[in-house]
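Numbering (my numbering), first residue to last: 625 to 737. A short write-up of the structure that comes next.
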């Protein structure tokens, strides 16, 4: 059972959780930027019963470097969005996908000596 965040009363809806077009656009924009920087090379998406996952990889055969999860059941508590690092640590959690994806903005700048 998944929750429709767009429905006014938040009614449960049958079927797996997945990303809508706007959410995918935001995630793929970040993915494209990181591919252009040479940090990421592949991605995978999965829709499960209670969450959806967008995983990114450095190389195709490796474990995911980052996972972006959508868990609608947490939307009124901690927020339905989370970025999870390689070790399973939650790097950022929140209600707004744009805000959560900003965790990757800090990776743009590096110190040059």
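C-beta: ideal position from N, C-alpha, C; glycine also.
Check each candidate in the options and name the one with the smallest Cα separation from residue i.
| i | options | result |
| --- | --- | --- |
| residue 639 | 663, 671, 662 | 671 |
| residue 694 | 718, 710, 675 | 675 |
| residue 718 | 645, 711, 647, 703 | 703 |
| residue 715 | 700, 701, 691, 699 | 691 |
| residue 683 | 656, 677, 667, 648 | 667 |
| residue 643 | 713, 705, 723, 712 | 705 |
Straight-line CA distance for residue i to residue j?
| i | j | result |
| --- | --- | --- |
| residue 679 | residue 725 | 13 angstroms |
| residue 721 | residue 707 | 10 angstroms |
| residue 689 | residue 696 | 23 angstroms |
| residue 733 | residue 651 | Reliability of the predicted coordinates at residue 733 is poor, the pLDDT of 48 falling under 50, and the value obtained from them is presented with this limitation in mind. Each residue's alpha carbon lies about 20 angstroms from the other. |
| residue 653 | residue 710 | 21 angstroms |
| residue 681 | residue 664 | 6 angstroms |
| residue 685 | residue 673 | 26 angstroms |
| residue 649 | residue 700 | 24 angstroms |
| residue 656 | residue 662 | 10 angstroms |
| residue 647 | residue 687 | 23 angstroms |
| residue 641 | residue 712 | 21 angstroms |
| residue 698 | residue 677 | 15 angstroms |
| residue 645 | residue 723 | 17 angstroms |
Can a CB atom of chain D be found closer than 8 angstroms to the CB of residue i?
| i | result |
| --- | --- |
| residue 726 | No chain D is part of this structure, which consists of one protein chain only. |
Beta carbon of residue i, beta carbon of residue j: below 8 angstroms?
| i | j | result |
| --- | --- | --- |
| residue 658 | residue 728 | yes |
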